Each structure stands twice: as structure tokens, then as C-alpha cells.
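**Student:** Structure incoming, see below.
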């Protein structure tokens, strides 16, 4: 029906794409959909694990809110860096949920594991008993990410930048928010 309004010599024409550009559009749309789906699936699975591990729906909800805020922060970071969503970024976005999970879970567990009744004493005990371990883990991961940032392979360089940003944000959010 679109061809009826075309000039006479083009009415029987069709489009070919020797450089596979149309396929790239399809792949790009699929990457976006799968990255978003992967993030939500990972967040849902993380929430289920948190509820089962902590046996406390309030702490699990707070922890998943923290993890979600870190995911949003990383997406914002990639936008600020001017990166377009491609294969590398889609893989990194899904991995971010798992990487954000670590510190939050350790601190949530330490919060619930002590015998204090009031929140302030629980938080103090959590920071004394688990804060130094979480901070030490963050320092070692930051060191590893610095080496990745200066790699020649694009995936490792981008992953190093995201990992550095994520660990700094994860440490700040999990310890101070």
C-alpha cells in the first residue's frame, strides 16, 4: 500500500541491507528489553533470597530498596559517561544487581544477628562487627577495579569504571543511609 504512492519506476522495488543495519536495530531493541528484564528478574530473586535469609520482610525490603537505588545510580553513571546501551552495558547492568547485593546483605545480617532491642544499639553493633570487614572488602575491590579501568579491552575498561563507581556508592549507601 505504501508503494502505490511511489514514483512509477519504484513501485515494484524493495529494500535490501547488505551491511545488516536492520538486524542491528532489532538487536538493540532486544538488548534494552533483556537488560531491563534481567534487572527486574535479579531484583525479584534477590528479594526472595533476602526474605528467606533474614526472615524479616522489613529488613529485606530496606535492603532491596538500597540495591535498587544502586542500580539506578549505575544507570545514571553510564548516562553521564555518555555511553549508549550496547552489549557491554546490558551485561554490566544485569551484573550490577549481584555486585550490589554483597555489602547490603552482610550489613543486614549483622543488624539482625545481635541481641540489642533498640535500633541505635543494633546499628552501632552492626558497624563495629561488620563495618570494618565490609570496608576492607570494598578497598580490595576498588584496587582490582583500578587495574580493570586501564585495560585495553573495552569490556574490562568499562566494567572497571562501573565497578569502581558501584563500590564507592555501595559503601556509602550501605554504611551511611
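Residue numbers (my numbering): 66 to 242.
Note that CB positions come from ideal geometry on N, CA and C, so glycine has one too.
Computed from a predicted structure; not experimentally measured.
(1) Taking just the CA atoms, how far does residue 142 sit from residue 228?
(2) Just to check, is the beta-carbon of residue 132 closer than 8 Å to a non-hydrogen atom of the ligand ZN?
(3) Take residue 119 and list the residues in its own chain whose beta-carbon comes closer than 8 Å to its own, dropping the five residues that flank it on each side.
(4) For the stretch 129 to 217, list the alpha helix (DSSP H) runs that are entirely contained and at least 4 residues long, ordered along the chain.
(5) With a CB to CB cut of under 6 Å and the five nearest residues on each side skipped, what residues in its chain are close to residue 100?
(6) Would you identify the three-state DSSP class for residue 6, choosing helix, strand or coil?
(7) Got a sec, what are the start and stop residues for the alpha helix (DSSP H) residue 74 sits in?
(8) Measuring alpha carbon to alpha carbon, tell me which residue in 182, 133, 92 and 152 is nearest residue 162.
(9) Taking the continuous alpha helix (DSSP H) assigned at residue 234, which residues delimit it?
(10) Report the rounded CA-to-CA distance for residue 96 versus residue 106, giving the unit in angstroms.
(11) Using the Cβ count rule (16 or more neighbours within 10 Å means buried), how would you classify residue 136?
(12) Could you tell me the distance, in whole angstroms, from the CA atom of residue 146 to the CA atom of residue 234?
**Tutor:** Looking at the coordinates:
(1) 11 Å
(2) Only the bare structure without any ligand can be found here, which leaves the ligand ZN out of the picture.
(3) 125, 128, 173, 174 and 177
(4) 152 to 178, 184 to 191 and 197 to 214
(5) 155 and 158
(6) The requested residue 6 does not occur in the structure, where the chain is confined to residues 66 to 242.
(7) Segment: none, residue 74 is in no alpha helix (DSSP H) and carries neither H nor E.
(8) 133
(9) 219 to 241
(10) 15 Å
(11) buried
(12) 16 Å
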